[in-house]
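Engineer: Handing you a structure now.
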Amino acid sequence: MASKSTTPKNQEDLQLTFRVEQPPSAAPTWIPRSWALWCLVGIVLGASAWWFSKSLLVQGLSKKFEAAETRGEALVALQQLAIVGDDATGELGRALMHSDEEVARAAYLMLDDRLSGWLAAVEKHQKPISELAAALNSLPDDALPTRLELAELLASRVLVRLRDLPDNSMASVVTACEGAVAKSRQSVGRATIQVPLVDEVSGEASSEVVLNAQDAAQNTATEGSGLSSVPPPLDRVSALPADGSVPPAKGVTLRLSDSGEAPTGLDRGVATIEVTPRQTGAGARLVAETSASYAGPMVPRGGMQADRLPGAISTPAVAAINPPIAQVYQPPSFDAETIKAMPIEQLVRLLGVDDGQVVRTASLALRTRGMSDSLIQFASQVAVVLATGAREEKIAVAQTVATRPDLGEPWLLWIAEDRDPEVRRAAVGLLSGRVDEEIGKKLRTMLSYEAHPEVAQTLRQVLSPQTPKLR
């Protein structure tokens, strides 16, 4: 018989409850939860240290630039300042006042190149533009006129661009630039030198005219071209006899260069002025027979010819001793390899030299560059006219070049480097309405060297915004 299982009636369900207890955790700290704040603090400290170190670097380079004793040291320090970037804009602006003409122009060219990028996006470069305007306006009123003219060129570029802005957000910059332009024009007015010249003088009066002209020539050559020392003085001419006869006198050689040292190497021009008294009627004058030679590139320093270099014989006071001053450009000798390596704008200039071998080598080099024989022949005619032709012939050539569609603006720029100011003025005027960024840069460089007021005025008019490029 199977057994039967039964459950006790008094059995109760047993209910078990389990609880898991964890040890209390450590009190939370604020450091792990504030890592973003610490990162921000680190970024601020790093940026501050970087800005402070950059400021110290600019100050150190500025002191190095001011303490430079030679042109080379100053140019090296200037280049280092340029590498720093926009933070050195003010220092570059103040470098325009350097006593050395070459250093001042190097600073100008650096700033002019930067302005092209800044003015293309004014909104992004308001700070460096403002710093440059402040530096230009802070230049002393009694600075050399040539330095203030460089500042005027930069300030004029800024004014041309900012006046086109619809808003008045950079009014302070416009005011500063207008102040820099006003200083330059006032300085030019103060720097005008009047040298009295008379046709008929005798006795001590004639000697006085000679001395006044000599002093004016020395002062202008020294102050206007950044010479570190006064050039050798001209021979003093004693009082002439009452009959106007001229006693025998030896010629005096006056060497002018852009530094106090004798030119060496291939990057400087030398002008030699032979000064001899000559009889002219009842009185006498100093007549300057001039020959300029250049031992360097055909287009030295921004495209100017050797006799138009700063400190050379184009100084107004020197020219005022007794006009006219005969100027003869004697190109240097080049070997065939040097000629072949020249750019086209220098090769065409060689077509007018009085050296058949040089002309043939230059023609061959132009032909290998793709220039047609007919164009080479025309370029040769232009070069010969510019070297030996009269003013009317040169202006006629410029007008012909301007009407030919196959010739570009570089041809007019070539003619605009002529020694005759009327020819330069005509060639520059024909560039009106044909100025793009590259041509404008070259014209501004020419303006920085131009000493003739009417040519400079024509350059400013061509560079003005009222004459946009037509093509």
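Quick note: the sequence shown, position 39, residue 27 per my numbering, numbers continuous. Note that beta-carbon positions come from the ideal geometry of N, C-alpha and C, so glycine has one too. The structure displayed is predicted, hence computed values, not measured ones.
Out of Phe6, Ser368, Leu363, which has the shortest C-alpha to C-alpha gap to Arg392?
Structural biologist: That would be Leu363, whose Cα lies nearest to the Cα of Arg392.
Engineer: For the pair the stretch 103 to 119 and the stretch 430 to 446, tell me if three or more CB-CB distances fall below 8 Å.
Structural biologist: Because the criterion of three Cβ pairs below 8 Å is not met, the stretch 103 to 119 and the stretch 430 to 446 do not touch.
Engineer: In angstroms with no decimal places, state the Cα-to-Cα distance between Ser160 and Glu426.
Structural biologist: So the alpha carbons of these two residues sit roughly 29 Å apart.
Engineer: Pairing CB atoms from the stretch 54 to 67 with CB atoms from the stretch 107 to 114, are three or more of them under 8 Å?
Structural biologist: The stretch 54 to 67 vs the stretch 107 to 114: no contact.
Engineer: State yes or no: is the C-beta of Thr446 within less than 7 Å of the C-beta of Val416?
Structural biologist: In contact: Thr446 and Val416 (Cβ atoms closer than 7 Å).
Engineer: Would you kindly check if the distance between the Cβ of Ala324 and the Cβ of Leu335 is under 7 Å?
Structural biologist: Taking 7 Å as the Cβ cut-off, Leu335 and Ala324 do not qualify as a contacting pair.
Engineer: Are the Cβ atoms of Gly81 and Asn125 separated by less than 7 Å?
Structural biologist: Not a contact, by the Cβ cut-off of 7 Å.
Engineer: To which residues of the same chain is Tyr96 closer than 8 Å at the C-beta, ignoring the five residues directly before and after it?
Structural biologist: Only Leu84, Leu138, Leu141, Leu142, Ser436 meet the Cβ criterion.
Engineer: If we call anything under 7 Å between Cβ atoms a contact, is Leu339 one with Ser360?
Structural biologist: No. Outside cutoff.
Engineer: Ala122 and Cys165: beta carbons closer than 7 Å?
Structural biologist: Not in contact: Ala122 and Cys165 (Cβ atoms no closer than 7 Å).
Engineer: DSSP three-state call for Met85: helix, strand or coil?
Structural biologist: Helix.
Engineer: On a Cα-Cα basis, can you pick out the residue from Arg422, Leu136, Asp424, Ile327 that is closest to Ala92?
Structural biologist: Ranking Arg422, Leu136, Asp424, Ile327 by Cα distance to Ala92 puts Leu136 first.
Engineer: Give the straight-line distance between the Cα atoms of Ala384 and Asp130, rounded to the nearest whole angstrom.
Structural biologist: Cα-Cα distance, rounded: 42 Å.
Engineer: Run the CB neighbour count on Gly291, radius 10 Å, all protein chains shown included, and call it buried at 16 or more, exposed below.
Structural biologist: Low confidence applies to Gly291: its pLDDT is 39, below 50, so where it sits in the model is not reliable, and the reading given next is rough at best. Buried, by the Cβ-count rule.
Engineer: Which same chain residues end up closer than 8 Å to Met98 when comparing Cβ atoms and leaving out the 5 residues on each side of it in sequence?
Structural biologist: Leu66, Ala70, Leu80, listed in sequence order.
Engineer: Provide the residue span of the alpha helix (DSSP H) that contains Arg357, from first to last.
Structural biologist: Segment: none, Arg357 is in no alpha helix (DSSP H) and carries neither H nor E.
Engineer: Please state the DSSP three-state secondary structure of Glu61.
Structural biologist: The answer is helix: DSSP assigns Glu61 an H, G or I state.
Engineer: Please classify Glu89: is it buried, with 16 or more other beta-carbons within 10 angstroms of its beta-carbon, or exposed?
Structural biologist: Buried: at least 16 other Cβ atoms inside 10 Å.
Engineer: Would you mind giving the Cβ-Cβ distance between Glu119 and Gly78, rounded to the nearest angstrom? I have them listed as a contact below 8 Å.
Structural biologist: Their Cβ separation, rounded to whole angstroms, is 5 Å, which keeps Glu119 and Gly78 in contact under 8 Å.
Engineer: Whose C-beta lies closer than 6 Å to the C-beta of Ala390 among residues of the same chain, with five residues either side of it excluded?
Structural biologist: Around Ala390: Leu418.
Engineer: I need the DSSP call for Pro116, collapsed to helix, strand or coil.
Structural biologist: If DSSP states are grouped into helix, strand and coil, Pro116 belongs with the helices.
Engineer: Rounded C-beta distance between Ala386 and Ala414? I'm assuming under 8 Å.
Structural biologist: 5 Å between Cβ atoms; contact.
Engineer: What's the C-alpha gap between Gly344 and Pro409?
Structural biologist: Rounded to whole angstroms, Gly344 to Pro409 spans 29 Å at the Cα level.
Engineer: Given Phe6, which residues of its chain have a CB within under 8 Å of its CB, disregarding the five upstream and five downstream residues?
Structural biologist: Correct list: empty, nothing qualifies.
Engineer: For Ser195 and Glu54, what's the separation of their Cα atoms in angstroms?
Structural biologist: Any reading at Ser195 is ruled out, since the residue's pLDDT is 36, under 50, leaving its predicted position unreliable.
Engineer: What does a CB cutoff of less than 8 Å around Arg355 pick up in its chain, not counting 5 residues either side in sequence?
Structural biologist: These residues qualify, in order along the chain: Asp361, Ile364.
Engineer: Am I right that Gly428 and Leu451 are in contact with their C-beta atoms under 8 Å? What's the rounded C-beta distance?
Structural biologist: The pair is a contact, with the Cβ atoms about 6 Å apart (cut-off 8 Å).
Engineer: May I have the straight-line CA-CA distance separating Glu380 from Met434, to the nearest angstrom?
Structural biologist: Approximately 22 Å between the Cα atoms of the pair.
Engineer: Do Val29 and Asp75 count as a contact pair if the criterion is CB distance below 7 Å?
Structural biologist: No; because the gap between Cβ atoms is not below 7 Å, this pair is not in contact.
Engineer: Is Leu127 helix, strand or coil by DSSP?
Structural biologist: Leu127 falls in the coil class under three-state DSSP.
Engineer: Going along the chain, which residues of its own chain have a beta-carbon closer than 8 Å to the beta-carbon of Thr252, five neighbours each way excluded?
Structural biologist: Only weak support is given to the placement of Thr252: the predicted model assigns it a pLDDT of 40, under 50, and the value that follows is read from those uncertain coordinates. Closer than 8 Å at the Cβ level, and outside the excluded window around Thr252, lies no residue.
Engineer: Answer with buried or exposed for Ile31, where buried requires no fewer than 16 other C-beta atoms within 10 angstroms of its C-beta.
Structural biologist: Flag for Ile31 reads exposed.
Engineer: For Leu374, does the count of other Cβ atoms within 10 angstroms reach 16, so buried, or fall short, so exposed?
Structural biologist: The residue in question, Leu374, is buried, as its Cβ has 16 or more Cβ neighbours within 10 Å.
Engineer: The alpha helix (DSSP H) that contains Gln445, what's its start and end?
Structural biologist: Looking at the DSSP string, the run of the alpha helix (DSSP H) that includes Gln445 is 441 to 451.
Engineer: Determine, using beta carbons only, whether Glu397 and Arg422 come nearer to each other than 7 Å.
Structural biologist: Cβ atoms of Glu397 and Arg422: closer than 7 Å.
Engineer: Note down the Cα distance separating Ser157 from Ser420, rounded to an integer number of angstroms.
Structural biologist: Spanning the two alpha carbons is a distance of roughly 31 Å.
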